[in-house]
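First the structure, in the form of structure tokens, and then the observations on it.
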Amino acid sequence: MNNYLYIIAFFSSLVIAFLMTPLARKLAIKVGALDVPKCERKIHKKPMPYFGGLAMYIAIIACAIVFLPHNTVNISVIIGATILVLAGIVDDMYDMPAKVKLLIQIIAAVVAVVGGVRIHFITNPLSMTGMSMLDKFSIPITIIWIVGITNTINLIDGLDGLAAGVSGIASLSLLVTAITKGHDFITVQCAIVSGACFGFLPHNFNPAKIFMGDTGAMLLGYLLSIIGILGMVKSATAITLIVPILAIGIPILDTFFAIIRRLINKKSIMEADKEHLHHQLMNKGLSQKKTVLILYVISAVLGFTAVFISNVSTPIGILAGVIVALVIFLLAKKLNLMRKIK
6 MNNYLYIIAF FSSLVIAFLM TPLARKLAIK VGALDVPKCE RKIHKKPMPY FGGLAMYIAI
66 IACAIVFLPH NTVNISVIIG ATILVLAGIV DDMYDMPAKV KLLIQIIAAV VAVVGGVRIH
126 FITNPLSMTG MSMLDKFSIP ITIIWIVGIT NTINLIDGLD GLAAGVSGIA SLSLLVTAIT
186 KGHDFITVQC AIVSGACFGF LPHNFNPAKI FMGDTGAMLL GYLLSIIGIL GMVKSATAIT
246 LIVPILAIGI PILDTFFAII RRLINKKSIM EADKEHLHHQ LMNKGLSQKK TVLILYVISA
306 VLGFTAVFIS NVSTPIGILA GVIVALVIFL LAKKLNLMRK IK
């Protein structure tokens with residue numbers, strides 16, 4: 006593969022997303038796809054157009070067709086992504102019921118699985134090989150992973166530029182990991198996704214002119230989950246699973262602590278609240294911009310750790326993972342991410 010292909014793919018995706026976003030904004034205003042702040046959870050004060058995700062989708066699909074091989078895996082991922090984007094458009098316009106949205110996410114995940122996207126093993130430090138093969142559990146666990154990560158981006162999409170920036174940084178982390186491992190086409194996939202994120206970001210950073218909406222959140226979560234799986238398949242080592250978890254760390258951790266918090270407070274895990282990581286940082290007196298920039302830095306640190314772990318021996322990688330887990334737990338306690346709400 007041309008050594009510069011991923012660079013060309015990155016900037017192509019970035020430029021297309023940047024140019025398409027104003028058009029997507031006009032379309033959203035025309036059809037009434039607006040986020041109207043009706044509850045206290047909303048931080049913005051005036052109606053904001055959605056469809057930023059549509060601009061990213063156009064950039065990603067156009068570049069995927071040009072720069073990626075037209076094999077079964079890539080075609081299935083494009084089909085699954087298209088299903089989610091169409092569902093996202095409907096949701097951004099009419100508010101789709103959560104159960105219907107979940108069903109559509111499962112269908113998109115199944116499409117990817119049928120196309121060959123599978124998690125074949127999980128990290129298990131207690132086994133002789135450091136891994137446990139999933140066998141018949143491979144398909145359900147893959148679907149759970151894809152659907153889970155698809156939803157994590159939506160949960161952090163609460164501040165201007167947060168979801169797009171964190172997703173872009175996660176994609177870059179996976180890109181660097183793929184480069185160090187010589188995974189050419191995964192490198193291009195990461196470049197395309199990160200390019201779309203950073204092309205959209207100037208329009209979405211505070212003060213935002215447009216939101217990505219569920220269209221973008223589900224699209225990015227879906228693609229990041231699949232890129233993580235494909236990287237695992239290419240690098241069958243005992244610490245491989247840790248790498249995508251760290252790279253996509255902010256959304257995964259925020260979702261994890263949200264579930265724990267809601268269970269502690271005996272609430273439905275689907276019930277929204279204002280206790281997420283970005284809310285807690287703003288409760289400390291930080292502005293939107295400072296909160297987002299801090300989360301960018303944390304995401305970059307987690308991404309760097311992911312790259313480091315992917316390039317060291319298994320014992321060192323596991324030790325680094327344990328240290329990171331302890332630091333995260335202490336920070337979560339400090340920021341009250343698992344507190345019992347009075």
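So the sequence shown is numbered by my numbering: it starts at 6 and just counts up by one.
Cβ coordinates follow ideal geometry from the N, Cα and C atoms, glycine included.
**OP:** List the residues that DSSP assigns as beta-bridge partners of L39.
**Re:** Answer is P54.
Original post:
Alpha carbon to alpha carbon, what distance is there between I111 and F203?
Top reply: 28 Å
Subject >> Ranges of the beta strand (DSSP E) found wholly within the region 245-284, counting only runs of at least 3 >> reply: none
Original post:
Excluding five sequence neighbours on each side, which residues of the same chain lie with their C-beta closer than 6 Å to the C-beta of G85?
Top reply: A113, V116 and A117
Original post:
Between the beta-carbon of A175 and the beta-carbon of I234, is there less than 7 Å?
Top reply: no
Subject >> C-alpha distance - G200 paired with N211, whole-angstrom precision >> reply: 19 Å
Subject >> Nonlocal neighbours in the same chain, by C-beta distance under 6 Å from V95, ignoring five residues either side >> reply: M101
Original post:
What are the start and end residues of the alpha helix (DSSP H) that includes G163?
Top reply: Here G163 belongs to no alpha helix (DSSP H), and DSSP marks it neither H nor E.
Original post:
Considering only C-alpha positions, which residue in the set Q194, K295, L179 and N270 is nearest to G166?
Top reply: K295
**OP:** Please classify H75: is it buried, with 16 or more other beta-carbons within 10 angstroms of its beta-carbon, or exposed?
**Re:** exposed
**OP:** Could you check how far apart the C-beta atoms of P54 and A67 are, in whole angstroms? I think they sit under 8 Å.
**Re:** The pair is not a contact, with the Cβ atoms about 22 Å apart (cut-off 8 Å).
Original post:
Are there 16 or more other CB atoms within 10 angstroms of the CB of V327, so buried, or fewer, so exposed?
Top reply: The Cβ neighbour count for V327, taken over all protein chains shown within 10 Å, is under 16; the residue is labelled exposed.
Original post:
What separation, rounded to the nearest whole angstrom, lies between the Cα atoms of P320 and M138?
Top reply: 20 Å
Original post:
So the alpha helix (DSSP H) V193 belongs to, where does it begin and stop?
Top reply: D189 to N209
Original post:
Since H208 contacts G57 with CB under 8 Å, what's their CB separation in whole angstroms?
Top reply: 7 Å
Original post:
Which residues in the same chain have their Cβ closer than 6 Å to the Cβ of A92, if we skip the five residues on either side of it in sequence?
Top reply: I109
**OP:** Determine the DSSP secondary structure at K104, reduced to helix, strand or coil.
**Re:** helix
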